[in-house]
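Chemist:
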Amino acid sequence: MPPERYQNLSKKDIFALFSRSVPFDDGNKEVWLDRITGRVCMAISAKAMAITGIEDRRYWNWLPTEESRFHVVAYLQQIWWFEVDGVVKFPFPADIYTLSFRIHLGRFSKRLGRRVCNFEHTHGWDIKPVRFELSTSDGQQASSECCLDETDQDDANGNHKRGCWIEYRVGEFVVNESDPATEVRFSMKQIDCTHSKGGLCVDSVSIIPSDLKERRRKGVLK
Numbered sequence: 157m158p159p160e161r162y163q164n165l166s167k168k169d170i171f172a173l174f175s176r177s178v179p180f181d182d183g184n185k186e187v188w189l190d191r192i193t194g195r196v197c198m199a200i201s202a203k204a205m206a207i208t209g210i211e212d213r214r215y216w217n218w219l220p221t222e223e224s225r226f227h228v229v230a231y232l233q234q235i236w237w238f239e240v241d242g243v244v245k246f247p248f249p250a251d252i253y254t255l256s257f258r259i260h261l262g263r264f265s266k267r268l269g270r271r272v273c274n275f276e277h278t279h280g281w282d283i284k285p286v287r288f289e290l291s292t293s294d295g296q297q298a299s300s301e302c303c304l305d306e307t308d309q310d311d312a313n314g315n316h317k318r319g320c321w322i323e324y325r326v327g328e329f330v331v332n333e334s335d336p337a338t339e340v341r342f343s344m345k346q347i348d349c350t351h352s353k354g355g356l357c358v359d360s361v362s363i364i365p366s367d368l369k370e371r372r373r374k375g376v377l378k
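If you read the sequence shown in my numbering, its first letter stands for residue 157, the second for the next number, and so on.
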């Protein structure tokens with residue numbers, strides 16, 4: 157927005173303006189200021205990521221949905237080599253950030269106004285863990301591993317992973333100053349080709365200040 161557009165706005169109005177999501181990269185990435193703390197948050201659509209096999213509809217499909225801020229998610233029917241990679245370069249303000257993938261086991265839809273989930277294609281995620289990684293242009297690295305579908309264990313604990321959007325934490329990175337811009341590369345993969353896997357929706361990646369994300373998880377911030 158050019159300066160003359162907001163020179164007569166109050167600080168409150170300017171803050172409200174920048175608290176709205178600002179899309180970039182053809183609308184596949186969004187950045188906004190948290191309304192409570194004024195700190196920078198970001199979301200990156202699956203559309204902005206490199207997904208192995210995404211062009212082949214035998215493996216992947218794009219599903220329109222209101223359950224994503226980007227109104228579309230990538231749905232995996234079946235594949236052996238599962239790999240999703242992405243990158244963003246942005247002048248993040250100094251802070252500690254957490255990067256997470258937003259994933260859903262099963263295909264969801266609405267039927268007669270009710271949300272229903274189909275797990276016909278959901279398989280292979282309980283055999284080997286998915287590996288999540290991130291790296292930054294200044295040499296920071298983080299990784300984690302997780303089996304996405306542990307149905308027996310989840311049933312015993314009353315913690316069901318199927319049919320829910322879950323944010324899988326990859327790790328943290330630290331920004332000391334916004335100049336130069338920080339480049340962040342991230343990925344998730346399960347490339348053991350001894351078995352296929354499928355029935356998974358990939359929505360987005362979020363980059364949010366770490367303590368803010370923790371407070372939201374605990375319900376301190378809405």
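Quick reminder that beta carbons are idealized off the backbone N, C-alpha and C, glycines included.
When DSSP labels each residue in this structure, what does Asp241 get in the three-state scheme?
Modeler: Reduced to three states, the DSSP call for Asp241 is strand.
Chemist: What does a CB cutoff of less than 6 Å around Ile392 pick up in its chain, not counting 5 residues either side in sequence?
Modeler: Residue 392 lies beyond the range of the chain shown here (157 to 378); nothing can be said about it.
Chemist: How would you label Ile363, buried or exposed, when you count the other beta carbons within 10 angstroms and need 16 or more for buried?
Modeler: When all chains shown are included, Ile363 counts as buried.
Chemist: Can you name, in chain order, every residue of its own chain whose Cβ lies under 7 Å from the Cβ of Thr254, other than the five neighbours on each side?
Modeler: Result list for Thr254: Arg325, Glu328, Ile364, Ser366, Lys369, in chain order.
Chemist: Please determine, among Arg263, Gly183, Val196, the residue with the shortest C-alpha to C-alpha distance to Asn217.
Modeler: When each option's Cα is compared against that of Asn217, the closest is Arg263.
Chemist: Okay, do the stretch 242–256 and the stretch 264–282 touch, 3+ Cβ pairs below 8 Å being the bar?
Modeler: In short, these stretches do not touch, since the Cβ pair count stays below three.
Chemist: Report the three-state DSSP secondary structure of Ala230 (helix, strand or coil).
Modeler: Ala230 falls in the strand class under three-state DSSP.
Chemist: For Glu186, is the classification buried or exposed, using 16 other Cβ atoms within 10 angstroms of its Cβ as the cut-off for buried?
Modeler: Classification of Glu186: buried, given that the 10 Å Cβ count is 16 or more.
Chemist: Going by CA-CA distance only, name the one from Asp212, Ala199, Gly183, Asp182 that's closest to Asp190.
Modeler: The shortest C-alpha separation from Asp190 is found at Ala199.
Chemist: How far does the beta strand (DSSP E) with Asn184 in it extend, from its first residue to its last?
Modeler: Note, Asn184: premise wrong, no beta strand (DSSP E); not H, not E.
Chemist: I'd like to confirm the pairing. Which residues does DSSP put opposite Pro365 in its beta bridges?
Modeler: Partner(s): Tyr253.
Chemist: Mind checking whether Cys320 and His260 have CB atoms under 9 Å apart?
Modeler: Yes, the pair counts as a contact, with Cβ atoms nearer than the cut-off.
Chemist: Would a C-beta distance cut-off of 9 Å place Met344 and Glu239 closer than the cut-off?
Modeler: Taking 9 Å as the Cβ cut-off, Met344 and Glu239 qualify as a contacting pair.
Chemist: Give the C-beta separation of Arg341 and Ser291 to the nearest angstrom, bearing in mind that I take them to be a contact with Cβ-Cβ under 8 Å.
Modeler: Rounded, the Cβ-Cβ distance is 5 Å, consistent with contact.
Chemist: For Asn217, which beta-bridge partners are listed by DSSP?
Modeler: Answer is Tyr231.
Chemist: Specify the secondary structure class of Ala202 as computed by DSSP and reduced to three states.
Modeler: Helix at Ala202.
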